[in-house]
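Protein chains in written order, with our numbering: chain A, 1 to 525; chain B, 526 to 1050. Scroll down for the structure; my scribbles are underneath it.
2 protein chains.
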Amino acid sequence: MALEWKNLDETDAYPRLRQTDTLVSFADDLSENRVRSWDIPTGAGLNFNFAASSVTETDLKRLQVLADEQQVIEKYTTLLSGERINTGEDRRVLHHLTRGQLGEDVVENGTNLREFYQEQNRRISDFGAKIHAGTITGSTGRKFDTVVQIGIGGSDLGPRALYLALKSAYTPKMKALFISNVDPDDAAEVISQVNPETTLFIIVSKSGTTQETLANRDLILEKVKSSGIAGYDPSKHLVAVTSKTSPLADSDSVLDSFYIDDYIGGRYSSTSAVGGVVLTLALGADVFTSLLSGAHQVDKASLEPDIRKNAVLLDAMIGIFNRNVLGLPCTAVLPYSQALSRFPAHLQQLDMESNGKSVNRSGKEVAYQTGPIVFGEPGTNGQHSFYQLLHQGTDIVPLQFVGFRKSQAGEDVVTDGSTSQSKLNANLAAQIIAFAKGSKNENPNKNFMGMRPSTLLYGERLDAAALSGLLAHFENKVMFQGFCWNLNSFDQEGVQLGKILAKSVLDGSTDDGALKAYSAILGVD
Amino acid sequence: MALEWKNLDETDAYPRLRQTDTLVSFADDLSENRVRSWDIPTGAGLNFNFAASSVTETDLKRLQVLADEQQVIEKYTTLLSGERINTGEDRRVLHHLTRGQLGEDVVENGTNLREFYQEQNRRISDFGAKIHAGTITGSTGRKFDTVVQIGIGGSDLGPRALYLALKSAYTPKMKALFISNVDPDDAAEVISQVNPETTLFIIVSKSGTTQETLANRDLILEKVKSSGIAGYDPSKHLVAVTSKTSPLADSDSVLDSFYIDDYIGGRYSSTSAVGGVVLTLALGADVFTSLLSGAHQVDKASLEPDIRKNAVLLDAMIGIFNRNVLGLPCTAVLPYSQALSRFPAHLQQLDMESNGKSVNRSGKEVAYQTGPIVFGEPGTNGQHSFYQLLHQGTDIVPLQFVGFRKSQAGEDVVTDGSTSQSKLNANLAAQIIAFAKGSKNENPNKNFMGMRPSTLLYGERLDAAALSGLLAHFENKVMFQGFCWNLNSFDQEGVQLGKILAKSVLDGSTDDGALKAYSAILGVD
């Protein structure tokens, strides 16, 4: 079937979807039976419950028609087969291929790219085994026990969120730390915690020229040099994750290089070598393999065209409804798991950098709202904090809850007749109901209006497969929404201008008086 | 002068303010001169620059009229003098008094409450000195080297954000860790990092009955007991921060108790014993004294009625303009300092819990938007991430930048002709200009529309006084906005319903089928 790329407001389905443009009360419909039946698997052992979401049966039918008209699944299939779906940069989009083959072989210049990614994973696994066995040691002969990832944006947020999510679920093989901010205090803080002799630094930059990352590398090299360890050779403590053609690749300044290519966007790179090296070193090759497997399961499940059987597609379409029918500008991601403390920050990047755009994939301005503002913090903390606004504020924010039946560590205690894990999940269940149904009170200050829609992603335990299942769920959700909005979700031109202007300050070439004045009051020299 | 409590839309000033209800282009006006002159001190060595904000000279005049009509400064003065301004809970609001006396003496039942707070600070300082000197040791005779704060919401976010912000600026006297989430993995993760023999736990709960905090205390006691350390006595490793009448106060189960009272709201408690004990133990009494001083300076500067001379009031009024004239629902807080990594989360609580309300202080529903959604992450990370949406998305988000001329650690290196600190601040200056002025490009995908307003709070170096100056700036800003909206910014009824429903799940008393079904799929037993 030929693909047709239409703006959302050019579809026949859109005006029909908008026939109901206010939130219909769903509190009365939120019965035990609906909770049980509006619940479908999303892969990797996770389920998606949409019983408390904003949509009715009628809306669901209309959303199916929209998904079909926008050829969402066909476009996904085309992407999987290596089409240059990233129109802005004229690139393929191949992060799914890092974790499995679902479409046709993607071959470029005689290289099968699936095999290329697999080869990197094998090399990473071999390298990790040697580091763990002490076959490769630091330059002074001591075994490596710490790994520091130096990257920014997608080279940082995803791998960091995944590491933090899993470090208590497995026995770490090495401690992992991360430096991202060009703020010198960020690097100084990490350096103060490590012994250079037993630390391996991973420099992650696709181009090999990322200003912040190279500055942080140099700051570290300077610091190590000044510590004057006899026989210390920095090149034996650095590895690169970069493209084959970058200045970092295979240079004498690094111990080894692992490769990515232009078809893996930063925010989609956690399952490539960008996440692979640090996660394999820190947690072991088996854990990384399990991560690839969980994501692949969800990628595969995402191919189903029926939104009642495809949780990712359903979640995406409910998001379109919230954004373009109900006009709600934000979404909160609320994981009831402390291990997911940085997962909302990763999703914030994933979503806002992918779909925070005003022009379609052909460069034409669109006349509807696109990607929402995404924020979140782990519950139960948020309950004692910003939930106030979510319950009683003047704006409605759709909520995306995440929970797990069991804790990671399994260490728990019964107080007042229940475990902490039961308290945690009782609070999660209670919040869904409180947001949906509210509670009448004759004191208006204690009145809860309810009608605050939410969905719930949940599973048995936050292990590697469940985590990457979550990751792939959101990656594919954002991709599906991009197809509905007719956006290119895979470029990021919006992050460029600031870089250019910053450079013009630093090399003295700017003639913008205001820019010079801001630089002056901020002490830039 | 008698105070008059009016809703925003009952003022004469409001319709006049709304005569201009679209964003006027400020890019052409954003000259070197404006950057230099639209810049005023806010106290504690910090400046507030509003050259790139959304307001014109005319708007500023109208905002002054509104601030005057709503008697914002008079209401602040009344609050300082101990009036029961927290109408919902019939309480005084006295967090300013923890750091200095600005109004009349506040005396209750013969106790001067300023003296009560000062007495707690002296007791904390004495206690800290004994812990640091090893005069008070753990139950097995070893010196304490680690302190763990167990609290949730305001007992966690503020103190944690402040500790993280300062731990690299001073030489820590003890390591501090925090447990907040009832998720048992949160406690397990912290316990795995500490030696019980040398660790002091601080239980923070005003009522002494906070479910999550007591569950975490019990989880820790259980864990320590099972480790079977000979001679270990948990009561010698616990202190309480609580109210004098709470079950935790002065009990045999704790080494000592430090007191707060009902007039210090959780999210405003960082400068009370809630922040005082952990910060004094971790960083020393001098640092905490310096924190009190910085906040007090800003509190004092906040008394000025002229918005062109009172940065806190000006910031508050610009926020009202963004929310109620321009209709913008969100605000992003973007500190260019990695040390402020958790400061946005604290501000998120502070703002959204204070002003995320739909009824006024008399319990009547209001017909205008109140507190915005607040989110943020440190730059420069955000630049490589969600700034895409901020620059090119379909929604405008007003931005609140924070920066410092110098780094905390002073460790830096020159690469490509500039220090990391200069790179950091060049990026900050560049972003302000990029957001304000944009950049035309014939490729619409590379076009930046600009017109994205921002403000900048900046200082010399992020030390204790500057940090608490920032804290007080935002606390007082939120308070002023609450006065404009005629809200009670000091209660939080919106966090109650979830707690009640969670309890009904755990004690089996709920008869809501949907709630039972959610609890079941989440494995609550």
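Just so it is clear, CB atoms sit at the ideal spot from N, CA and C, and this is done for glycine as well. Keep in mind that this is a model prediction, so the values were computed, not measured.
In the DSSP assignment, B/L1022 falls within the alpha helix (DSSP H) that extends over 1021-1031. With 16 or more other Cβ atoms from the protein chains shown falling within 10 Å of its own Cβ, A/P398 counts as buried. Contact with chain B is absent for A/L63, since none of that chain's Cβ atoms lies less than 9 Å from the residue's Cβ. If you draw a straight line from the Cα of A/V241 to the Cα of A/S207, it is about 10 Å long. Within the stretch 969-994 of chain B, those residues whose Cβ lies closer than 7 Å to any Cβ of chain A are, in chain order, P969, N970, K971, F973, Y983.
The three-state secondary structure of A/F448, taken from DSSP, is strand. With a cut-off of 8 Å on Cβ pairs, the stretch 548-556 of chain B is not in contact with the stretch 1023-1040 of chain B, counting fewer than three such pairs. Residues of chain B whose Cβ lies closer than 8 Å to the Cβ of A/D412 are, in chain order, P709, L744.
Per DSSP, reduced to three states, the secondary structure at A/P159 is helical. In this structure, A/K357 is the residue among A/N216, A/L471, A/K357, A/I124 with its C-alpha nearest to the C-alpha of A/G88. Taking 9 Å as the CB threshold, B/R559 lines the interface with chain A. For the C-beta of B/R930, the chain A residues within less than 7 Å are, from N- to C-terminus, L522, G523. Sequence-distant partners of A/L177 (beyond 5 residues in either direction) whose C-beta falls short of 8 Å from its own C-beta, in its chain, are T146, V147, V148, Q149, V190, Q193, V194. Shortest Cα-Cα distance from B/L859 to any of B/L851, B/D615, B/A870, B/N849 involves B/A870. At a beta-carbon threshold of 8 Å, the residues of chain B lying near A/I152 are T905, N906, H909, ordered along the chain. Among the residues of chain A, those whose CB is under 9 Å from the CB of B/M877 are S385, F386, Y387, Q388, L389, L390, G393, following chain order.
Counting only runs of 3+ residues, no beta strand (DSSP E) is found wholly inside the stretch 585-656 of chain B.
In this structure, the alpha-carbon of A/P372 lies about 45 Å from that of A/D252. Within chain B, no residue has its beta carbon less than 8 Å from that of A/N476; the closest one is some 19 Å off. Out of A/P41, A/A44, A/A52, A/L46, the CA that lies nearest to the CA of A/V35 is found in A/A52.
Between the stretch 938-957 of chain B and the stretch 832-852 of chain B there are fewer than three inter-stretch CB-CB distances shorter than 8 Å, so the stretches are not counted as touching.
By the rule that beta-carbons nearer than 9 Å mark a contact, B/Y695 does not touch chain A. Assignment of A/F386 by DSSP, reduced to helix, strand and coil, places it in the coil class. B/T636 and B/Y642 have their C-alpha atoms roughly 11 Å apart. Closest option to B/N706, judged by alpha-carbon separation, among A/I152, A/F288, A/H384, A/L166: A/H384. Counting of Cβ neighbours within 10 angstroms places B/N634 among the exposed residues, the total staying below 16. Here B/F669 carries a coil assignment [DSSP, helix/strand/coil]. If you compare the alpha carbons of B/S879, B/D1037, B/L689 with that of B/F868, the shortest gap goes to B/L689. The Cβ neighbour count for A/T455, taken over all protein chains shown within 10 Å, is at least 16; the residue is labelled buried. Selection B/A836, B/V927, B/V802 evaluated against B/L725 yields B/V802 as nearest (Cα-Cα).
In the structure shown, the three-state DSSP call for A/E475 is helix. For B/Y1043, the enclosing alpha helix (DSSP H) covers residues 1038-1046. DSSP lists B/D564, B/L981 as the bridge partner or partners of B/N574. For a Cβ distance threshold of 9 Å, residue set Y1043, I1046 of chain B lies close to A/N49, ordered along the chain. When DSSP states are grouped into helix, strand and coil, B/K761 belongs to the helix group. Here the stretch 655-672 of chain B does not lie against the stretch 822-842 of chain B, with fewer than 3 beta-carbon pairs under 8 Å apart.
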